[in-house]
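A quick write-up on the structure given underneath.
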C-alpha cells in the first residue's frame, strides 16, 4: 500500500451513475447492502492510486486479474445507491483507445505489444460470457467532454475546499439527466448538421438508458482540480455556459451561442495544453 499511496493522482474527470440497491440482482444486492454499511469505503483518490500502482510492476498489469468488489456509495433521499468500480472492464475499454492517444513508440514502451495482445484476447473471451456488461463510470483525461455538461444545471454545482484539495462536481437525478439529453439533442439537430457533438450526446443518452430510472448521475472533476488554478476553478461555470449556448440555439441566436461555445472551448483548451507542459 505504501507504493500505491505514493503514485500521483491522474488528471481525469469522471461521469458516474449510482444505482439504488433494488437495481441489482441477488446475490450482488446483498453484497452491496453489506458494503454500504462499512465505515471505510474507499474514495475516488484510492481507486485512482490503486489503478496506477498496477502499472509499476514489470511487465505492467494494464487490466486487473480479478474484478473489483469496491464501489462508491451515495445516499439519495434516504435510499442507498452504489456505483461499482468495475475496474477490470474499464481497463479493457481504456486499452482500446490508447493507440489513438499515444505515439506507437510511447505506447510500446509503456505497455509492450505482447501485454496488449494478451489483454485484448482476455477481453474478447470475457465479452463472450458477459455480452450485456457496461461500466457505471466513464472517464476523460485532461478535460471534461462538452456533452457531459448537458446533463446538469448550474444549480447542481458543488464546489468545496477540503483537506485534500478542492472538489468540484455536479449531481442530478437520472430523470433530469435523461430529459436534458433529449432536449439538448432536439436543439442540436434543429440547428446543426450531424457531427461529433450530436453523436457523443446520443452515445451518452444510450448509456444512461441502461440504468435504473431512480439512479443518481454525477460529474466529478476528479484530478482535474489539481490542473486548474484555484481561482479559475472557483469561477468555472461550464454547465451554465453549455445551457446558455443551447438556449441561444433554440432562440435562433447563433451569435450568442457561438460566444458561449468559444468561452467554453478556450477554458478547456487551456487545460488540455497543460499536459504538454514540461
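Residue numbers (the UniProt record's numbering): 1 to 278.
C-beta: ideal position from N, C-alpha, C; glycine also.
- DSSP places residue 84 within a strand segment (E or B) once states are collapsed to three.
- In the DSSP assignment, residue 166 is bridged to 161.
- Excluding its 5 nearest sequence neighbours in each direction, residue 123 has C-beta neighbours in its own chain below 6 Å: 92, listed in chain order.
- At a Cβ-Cβ threshold of 8 Å, residue 116 and residue 95 count as neighbours.
- By the neighbour-count definition (other C-beta atoms within 10 Å, threshold 16), residue 241 is a buried residue.
- Annotation for residue 24: no beta strand (DSSP E) segment contains it, and DSSP assigns it neither H nor E.
- Per DSSP, the unbroken alpha helix (DSSP H) holding residue 183 starts and ends at 174-191.
- In the three-state scheme derived from DSSP, where H, G and I count as helix and E and B as strand, residue 224 is classed as helix.
- Taken through DSSP and simplified to helix, strand or coil, residue 35 comes out as helix.
- Residue 146 holds the alpha-carbon nearest to the alpha-carbon of residue 198 among 255, 146, 226.
- As computed with DSSP, residue 138 is found in a beta bridge with 15.
- Between residue 16 and residue 218, the beta carbon gap of about 5 Å places them in contact (Cβ cut-off 8 Å).
- Counting C-beta pairs closer than 8 Å gives three or more between the region 225-244 and the region 166-176, which meets the contact rule.
- DSSP places residue 152 in no alpha helix (DSSP H); its state is neither H nor E.
- For residue 210, same chain residues with a beta-carbon under 7 Å away, outside a window of 5 residues either side, are 134 in chain order.
- If the five residues before and after residue 201 are omitted, its C-beta is found closer than 8 Å to the C-beta atoms of 147, 150, 181, 184, 185, 188, all from its own chain and listed in chain order.
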